[in-house]
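So the sequence shown is numbered by this note's numbering: it starts at 7 and just counts up by one. Backbone N, C-alpha and C define an ideal beta-carbon position, used for all residues, glycine too. All values reported here derive from a predicted model rather than from experimental measurement.
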Amino acid sequence: MARFKNKVVVVTGASRGIGQAIAVAFAREGATVVGVARSSLTETGSKAKKAGGEFTAINTDLGKGTQREAANLVAAILKQTGRIDALVNNAGIIRRAPAVDFSETDWNEVLRTNLTTPFFLCQAVAKWWLNTGRKKSPTDARLKIVNIASLLSFQGGILVPAYTASKHGLAGITRALANEWAKEHINVNAIAPGYIATENTRALREDTKRNQAIMERIPESRWGKPEDIAGACVFLASGDADYFNGAVINIDGGWLGR
7 MARFKNKVVV
17 VTGASRGIGQ
27 AIAVAFAREG
37 ATVVGVARSS
47 LTETGSKAKK
57 AGGEFTAINT
67 DLGKGTQREA
77 ANLVAAILKQ
87 TGRIDALVNN
97 AGIIRRAPAV
107 DFSETDWNEV
117 LRTNLTTPFF
127 LCQAVAKWWL
137 NTGRKKSPTD
147 ARLKIVNIAS
157 LLSFQGGILV
167 PAYTASKHGL
177 AGITRALANE
187 WAKEHINVNA
197 IAPGYIATEN
207 TRALREDTKR
217 NQAIMERIPE
227 SRWGKPEDIA
237 GACVFLASGD
247 ADYFNGAVIN
257 IDGGWLGR
């Protein structure tokens, strides 16, 4: 059953990794997926269409972190699609360096991409919903927002102070927005992936000692796949999760339970 037929789902950072897997999973459920990324979305679009959905690509740099850019992006999407049923804030970057050497440039870039832009995208989509979207939707309709947080929303990590700060902040924003918007039929939740085999974690997987230490800590004894995150994202955006609000769900192969 295509649970997202005639629904529009926006996925940021959709060109590869977790974002691509999420986009394809929604397409498989019949969604019209709007993929947003600064790199090519050709592969994602092809996979999404093969999965049975429609796909629209928007190439833009989400690292600017301004309220205006976020509002303009949402307006452009609405002009093409007419509505937004779910927003998945997945785009993110990571910079690694000892805290005593961490540069101001890297700090600002990570915070803008991982925290500031997701907040302003949430804000812009919610404004549309409150002013227009809810009035034109069935009475039981809901806007779903899913933020991709991290295990480092709960832990400190090593050599990634800006990333840790941004992901702690994203978990906090998820809860704060849920508190304000639940009564408006807006569900704001987050997924905290564990160690997933993506480009962002290549440095860890190629470091023999760190890779071994990580594998020894994961009860599943393997790195996660992007597809391991996608199913939960579809669930949180579906009607099955209408009573989920402000949740941060860790999908980590048992890491936090160790």
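- Secondary structure of K70 (DSSP, three-state): coil.
- Cβ-Cβ separation between I235 and G260: approximately 15 Å, too far for a contact (criterion under 8 Å).
- With distances taken between CA atoms, L121 lies nearest to L176 out of V106, L176, T170.
- Here G88 has V14 as same chain residues with Cβ atoms under 8 Å from its own Cβ, once five neighbours each way along the sequence are excluded.
- Taking the Cα positions, V39 is about 38 Å away from A105.
- I151 and D213 have their C-alpha atoms roughly 35 Å apart.
- Boundaries of the beta strand (DSSP E) harbouring I154: 149-154, taken from the DSSP string.
- Considered as a whole, the segment 170-254 harbours 192-199 as its complete beta strand (DSSP E) runs of no fewer than 3 residues, in chain order.
- Close CB contacts of W134 within its chain, under the 8 Å cut and outside five residues either way in sequence, are with V80, L84, I90 (chain order).
- N65 places its beta carbon 9 Å or farther from that of I154.
- Uninterrupted beta strand (DSSP E) stretches at least 3 residues long and entirely within the segment 27-53 occur at 38-43, given in chain order.
- With respect to the C-alpha of E222, the residue from A37, Y201, E205 having the closest C-alpha is Y201.
- DSSP places N95 inside the beta strand (DSSP E), whose first and last residues are 92-95.
- One alpha carbon belongs to A31, the other to R211, and they sit about 26 Å apart.
- Judged by DSSP in its simplified three-state form, F160 adopts coil rather than helix or strand.
- DSSP places V17 within a strand segment (E or B) once states are collapsed to three.
- Put simply, the segment 138-147 does not touch the segment 182-189. Fewer than three CB pairs are less than 8 Å apart.
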